[in-house]
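This report refers to the structure that appears directly beneath it.
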Amino acid sequence: MNAVLPQPVIEDAAAPLNVARITLAHFRNYDELRLECGAAPVVLTGMNGSGKTNLLEAISLLVPGHGLRRAALGDLQNHKKKESWAVAVELRTEMGPLTIGTGRDAEAASDDGERRVVHIGGKVPRGQSALAEHVAMAWITPDMDRLLAEGASARRKFLDRLVYSFDPAHGARVQRYEKAMRERLRLLRDGVADAAWLSALEDEMAQTAVAIAAARRHMIQHLRSSIAEGGDAFPRADIEVRGTAEDMLADLPALPVEDALRAAFARARGEDAQSGTCAVGAHRSDLRVTHRAKQCPADLCSTGEQKALLIALMLAYVRLLARQRRMTPLFLLDDIAAHLDEYRRVALFEEIASLGIQAWLTGTERESFNGLEARFFTLENGKIV
Ligand SMILES: Nc1ncnc2c1ncn2[C@@H]1O[C@H](COP(=O)(O)OP(=O)(O)OP(=O)(O)O)[C@@H](O)[C@H]1O
Ligand SMILES: [Mg+2]
22 MNAVLPQPVI EDAAAPLNVA RITLAHFRNY DELRLECGAA PVVLTGMNGS GKTNLLEAIS
82 LLVPGHGLRR AALGDLQNHK KKESWAVAVE LRTEMGPLTI GTGRDAEAAS DDGERRVVHI
142 GGKVPRGQSA LAEHVAMAWI TPDMDRLLAE GASARRKFLD RLVYSFDPAH GARVQRYEKA
202 MRERLRLLRD GVADAAWLSA LEDEMAQTAV AIAAARRHMI QHLRSSIAEG GDAFPRADIE
262 VRGTAEDMLA DLPALPVEDA LRAAFARARG EDAQSGTCAV GAHRSDLRVT HRAKQCPADL
322 CSTGEQKALL IALMLAYVRL LARQRRMTPL FLLDDIAAHL DEYRRVALFE EIASLGIQAW
382 LTGTERESFN GLEARFFTLE NGKIV
């Protein structure tokens with residue numbers, strides 16, 4: 022007979038990436054906060070305005086960018102305090118413990134606006150983008166509720182953000198593309214008829230656009246296979262990325278697509294000079310999502326269906342990161358449980374448990390998290406009670 026032996030509990034032994042401790046100073050509505058966690062998911066409850074989203078926002082600054090609210094740096098400063106804000110996190114990673122700190126750079130703040138400094142393991146990296154080499158993260162916030170219903174721009178940025186954690190070089194690609202595009206528009210607007218200069222910029226745009234489009238398509242392919250592995254609690258999404266370069270890459274290798282883009286940019290010079298925007302390019306693409314069972318484009322789905330599709334998409338992404346990257350992701354879920362029926366809530370909690378990731382969840386009611394193995398904290402006015 023096969024006896025089922027109890028598994029020994031080894032605290033945090035091969036635990037995937039997790040925040041072991043986080044300290045905040047003068048961040049948003051916090052004065053000083055220190056939170057000791059384990060590898061388990063963390064649930065933050067508390068009344069409206071107690072600081073739940075602010076705490077997730079602090080964690081979201083462990084990846085490059087402006088965090089889950091896309092806030093201006095000045096807004097992160099506790100406006101009742103003079104001392105600069107700072108966030109420090111002690112991580113347990115597969116490679117061992119690592120401390121990451123970020124905060125307001127008081128010196129830079131005085132002259133050329135705000136800047137955030139980053140420390141990784143006590144060293145100052147060349148740029149924020151180094152964070153992506155140490156931490157992968159995904160989040161769902163109430164702000165994203167309209168993502169599937171509204172314009173292409175937000176969805177494209179969303180898709181690019183997914184690529185950042187998957188392929189850390191993507192951020193630099195997008196920056197290079199946008200810089201060349203801005204420069205080209207400036208020349209066209211100012212009537213600088215320097216054909217060689219314009220061609221050089223269009224060449225840079227064509228090359229980076231193809232690299233961006235290829236990375237997006239690659240992401241979509243991986244996401245599709247991860248979606249196929251999801252359970253039945255959340256609806257399955259059919260996803261595709263559509264855009265000039267993406268569409269051409271479906272049939273052609275990269276070089277002819279680059280040539281076609283270069284030609285399209287050159288043709289559009291007159292029109293772009295008039296409109297002040299670029300008519301074609303990687304900045305026009307869209308992530309299209311369809312509810313598979315209903316064969317319904319996501320923007321026509323109900324609010325609840327859209328939310329469920331979004332969660333399904335993010336779960337697929339988190340599954341993918343947990344499997345593909347050398348590091349598992351942190352998963353931030355702001356204000357999510359209250360909007361799910363019990364069946365879906367349980368499915369979500371089971372998925373979090375089975376992936377073994379450290380998810381951070383917030384809500385006003387503790388009962389919404391019944392059944393989730395987690396560490397619970399209650400917040401009140403920026404303090405743990
Ligand atoms: N820069 C700042 N300085 C001081 N307080 C701030 C700052 N920015 C935001 N706050 C305060 O933080 C509080 C909001 O915190 P947060 O959004 O984290 O609340 P929450 O717990 O997520 O609430 P809800 O349940 O409504 O989502 C508000 O009271 C707001 O006034
Ligand atoms: Mg909130």
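Residue numbering for the sequence shown follows this note's numbering, beginning at 22 and increasing consecutively.
We put the CB at the ideal spot given by N, CA and C, even for glycine.
In this structure, ASP355 has its CB closer than 7 angstroms to one or more heavy atoms of ligand 2. With fewer than three CB-CB distances shorter than 8 angstroms, the region 257-267 does not count as touching the region 189-209. Of the other Cβ atoms in all chains shown, fewer than 16 fall within 10 Å of the Cβ of ALA249; this residue is therefore exposed. For ligand 1, no non-hydrogen atom lies closer than 7 angstroms to the CB of GLN242. Taking C-beta atoms as the reference points, THR120 and GLY86 fail to come closer than 8 angstroms. Beta bridge pairing from DSSP links CYS317 with HIS312. Here VAL145 is exposed: its Cβ has fewer than 16 other Cβ atoms, across all protein chains shown, within 10 Å. Ranked by Cα distance from PRO274, the first of GLY72, VAL156, ALA232 and GLY192 is ALA232. Judged by the Cβ position, LYS315 fails to qualify as a neighbour of ligand 2 at the 7 angstroms threshold, every heavy atom of the ligand being at least this far.
The region 98-117 and the region 370-378 do not touch, with fewer than three beta-carbon pairs separated by less than 8 angstroms. Excluding its 5 nearest sequence neighbours in each direction, CYS58 has C-beta neighbours in its own chain below 8 angstroms: ASN39, VAL40, ALA41, ARG42, ILE43, GLN379 and ARG396, listed in chain order. Taking C-alpha positions only, LYS178 is separated from SER306 by approximately 10 angstroms. The region 309-323 and the region 181-194 do not touch, with fewer than three beta-carbon pairs separated by less than 8 angstroms.
Residue environment analysis places ALA93 among the exposed positions, since fewer than 16 neighbouring C-beta atoms fall within 10 angstroms of its C-beta. If you compare the alpha carbons of LEU330, ALA285 and VAL110 with that of ALA46, the shortest gap goes to VAL110.
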